[in-house]
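Peer 1: My questions all concern the structure below.
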Amino acid sequence: LSDFQQEFKADLHPIPIKTVDDFPANIGFTVGYEITESNIALFLSYNSTGGKLSYSDYSGSVKIEESLNAITFGGIYYIDLNKERKDLRIGLRGFSMYSNLDLDSYSKISNNIQQENLGLTSIDFGFGGQLDYEYPLSFLILKATVGFDIVIGGKLIFKNNNENYLINNSNKKVTTGWSGFRTGIGIVIPIN
Numbered sequence: 672l673s674d675f676q677q678e679f680k681a682d683l684h685p686i687p688i689k690t691v692d693d694f695p696a697n698i699g700f701t702v703g704y705e706i707t708e709s710n711i712a713l714f715l716s717y718n719s720t721g722g723k724l725s726y727s728d729y730s731g732s733v734k735i736e737e738s739l740n741a742i743t744f745g746g747i748y749y750i751d752l753n754k755e756r757k758d759l760r761i762g763l764r765g766f767s768m769y770s771n772l773d774l775d776s777y778s779k780i781s782n783n784i785q786q787e788n789l790g791l792t793s794i795d796f797g798f799g800g801q802l803d804y805e806y807p808l809s810f811l812i813l814k815a816t817v818g819f820d821i822v823i824g825g826k827l828i829f830k831n832n833n834e835n836y837l838i839n840n841s842n843k844k845v846t847t848g849w850s851g852f853r854t855g856i857g858i859v860i861p862i863n
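Counting in the working numbering, the sequence shown runs from 672 upward without gaps.
Right under this line is the structure:
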């Protein structure tokens with residue numbers, strides 16, 4: 672999507688539009704349940720990011736916002752690296768994502784205002800690895816995670832016409848691009 676946003680910017684060449692946001696890292700939330708006897712965990716998470724192009728002068732303004740979010744469902748298989756304390760382990764992840772992209776455009780030239788909103792969705796699949804460190808604290812366990820995910824993005828299909836999907840200037844499908852580095856901190860509540 673970042674590349675698609677740059678194409679969008681180039682297509683508006685006479686207007687010196689600026690990139691305000693280029694799909695930066697953002698905060699996500701995850702909840703999960705681990706079956707400790709099997710070293711398997713199931714998880715559900717939410718992530719969001721976005722891009723924004725903007726320009727304004729005496730004659731008017733142009734603003735294009737791309738808001739991207741995803742709900743992820745998947746599983747993790749854990750391998751203990753410290754068998755005695757069970758505080759350090761590797762997790763192998765597999766998951767699917769339901770991604771939602773909203774494209775909002777707004778332009779105002781003199782008193783002429785044009786607005787458009789397009790909604791798109793995709794189903795993405797991914798896998799990855801992570802390293803977890805757990806530190807017991809009273810009745811809770813503090814957890815730190817670092818990892819990397821590779822996501823195979825599906826077509827971004829238009830909500831109002833599910834036979835069409837988003838393409839770039841080279842007639843190639845545009846995908847979400849969720850692949851990347853992940854890090855997190857959390858709390859584990861053991862249930863006995």
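In this text, a Cβ means the ideal position worked out from N, Cα and C, and glycines have one as well.
Values in this document were obtained by computation on a predicted structure and should not be read as measured data.
Are there 16 or more other CB atoms within 10 angstroms of the CB of GLN801, so buried, or fewer, so exposed?
Peer 2: In the sequence shown, the residue the question calls residue 801 occupies position 130. Answer is buried; the Cβ neighbour count reaches 16.
Peer 1: Helix, strand or coil: how does DSSP classify SER781 here?
Peer 2: As a first step, residue 781 is located in the sequence shown; it is residue number 110 there, counting from the start. Note: SER781 maps to coil in three-state DSSP.
Peer 1: Could you pull out every residue in the same chain whose Cβ sits closer than 7 Å to the Cβ of GLU686, ignoring the five residues on either side in sequence?
Peer 2: As a first step, residue 686 is located in the sequence shown; it is residue number 15 there, counting from the start. Sequence check: residue 686 is Ile here, not Glu. The answer, listed in chain order, is TYR726, VAL733.
Peer 1: Compare the C-alpha of ILE828 against each of GLY721, THR792, THR847 and name the closest.
Peer 2: Position 157 of the sequence shown, counted from the first residue, corresponds to residue 828. Cα-wise, what sits closest to ILE828 is THR792.
Peer 1: Buried or exposed: VAL822, going by 16 or more other Cβ atoms within 10 Å of its Cβ?
Peer 2: The residue labelled residue 822 in the question sits at position 151 within the sequence shown. Buried, because 16 or more other Cβ atoms sit within 10 Å of the Cβ of VAL822.
Peer 1: Do VAL859 and LEU672 have their beta-carbon atoms positioned less than 8 Å apart in this structure?
Peer 2: The residue labelled residue 672 in the question sits at position 1 within the sequence shown. The residue labelled residue 859 in the question sits at position 188 within the sequence shown. Result no, Cβ atoms of LEU672 and VAL859 do not sit closer than 8 Å.
Peer 1: Provide the residue span of the alpha helix (DSSP H) that contains SER673, from first to last.
Peer 2: Along the sequence shown, read from residue 1 onward, the residue named residue 673 stands at position 2. Element bounds for SER673: 673-682.
Peer 1: Is ASP751 near ARG764, with beta carbons less than 8 Å apart?
Peer 2: Position 80 of the sequence shown, counting from 1, holds the residue named residue 751. Position 93 of the sequence shown, counting from 1, holds the residue named residue 764. No; because the gap between Cβ atoms is not below 8 Å, this pair is not in contact.
Peer 1: Are ILE864 and TYR748 close, meaning C-beta to C-beta below 8 Å?
Peer 2: In the structure as shown, the chain starts at 672 and stops at 863, and residue 864 therefore has no counterpart that could be examined.
Peer 1: Taking DSSP as the reference, what is the three-state secondary structure of TYR749?
Peer 2: Numbered from 1 along the sequence shown, position 78 holds the residue referred to as residue 749. The answer is strand: DSSP assigns TYR749 an E or B state.
Peer 1: Are the beta-carbon atoms belonging to SER868 and ILE780 less than 8 Å from one another?
Peer 2: Outside the displayed range of the chain (672 to 863) lies residue 868, so it cannot be described from this structure.
Peer 1: Taking GLY855 as the reference, give the member of ASP775, THR690, ASN697, ASP682 with the closest Cα.
Peer 2: Residue numbering aside, residue 855 sits at position 184 when the sequence shown is read from its first letter. Of the listed residues, the one whose Cα sits closest to GLY855 is ASN697.
Peer 1: Mind checking which residues open and close the beta strand (DSSP E) that includes VAL817?
Peer 2: Numbered from 1 along the sequence shown, position 146 holds the residue referred to as residue 817. Element bounds for VAL817: 811-823.
Peer 1: Return the CA-CA distance between ASP693 and TYR836, expressed in angstroms with no decimal places.
Peer 2: On the sequence shown, position 22 is the one that residue 693 refers to. On the sequence shown, position 165 is the one that residue 836 refers to. Near 22 Å, if we compare the C-alpha coordinates of TYR836 and ASP693.
Peer 1: Secondary structure at PRO861, three-state DSSP: helix, strand or coil?
Peer 2: Sequence index remark: in the sequence shown, residue 861 carries index 190 (1-based). Here PRO861 sits in coil by DSSP.
Peer 1: Taking the beta strand (DSSP E) that LYS723 falls in, what are its first and last residues?
Peer 2: The residue given as residue 723 occupies position 52 in the sequence shown. Its beta strand (DSSP E) spans residues 711-728.
Peer 1: Tell me, to the nearest whole angstrom, how far the beta carbon of LEU739 is from that of SER719; I am working on the premise that it is less than 8 Å.
Peer 2: Position 68 of the sequence shown holds residue 739. Position 48 of the sequence shown holds residue 719. Yes, LEU739 and SER719 are in contact; Cβ-Cβ is about 7 Å, under 8 Å.
Peer 1: Which of the three DSSP states is assigned to PRO695 in this structure?
Peer 2: Within the sequence shown, the letter at position 24 stands for residue 695. Note: PRO695 maps to coil in three-state DSSP.
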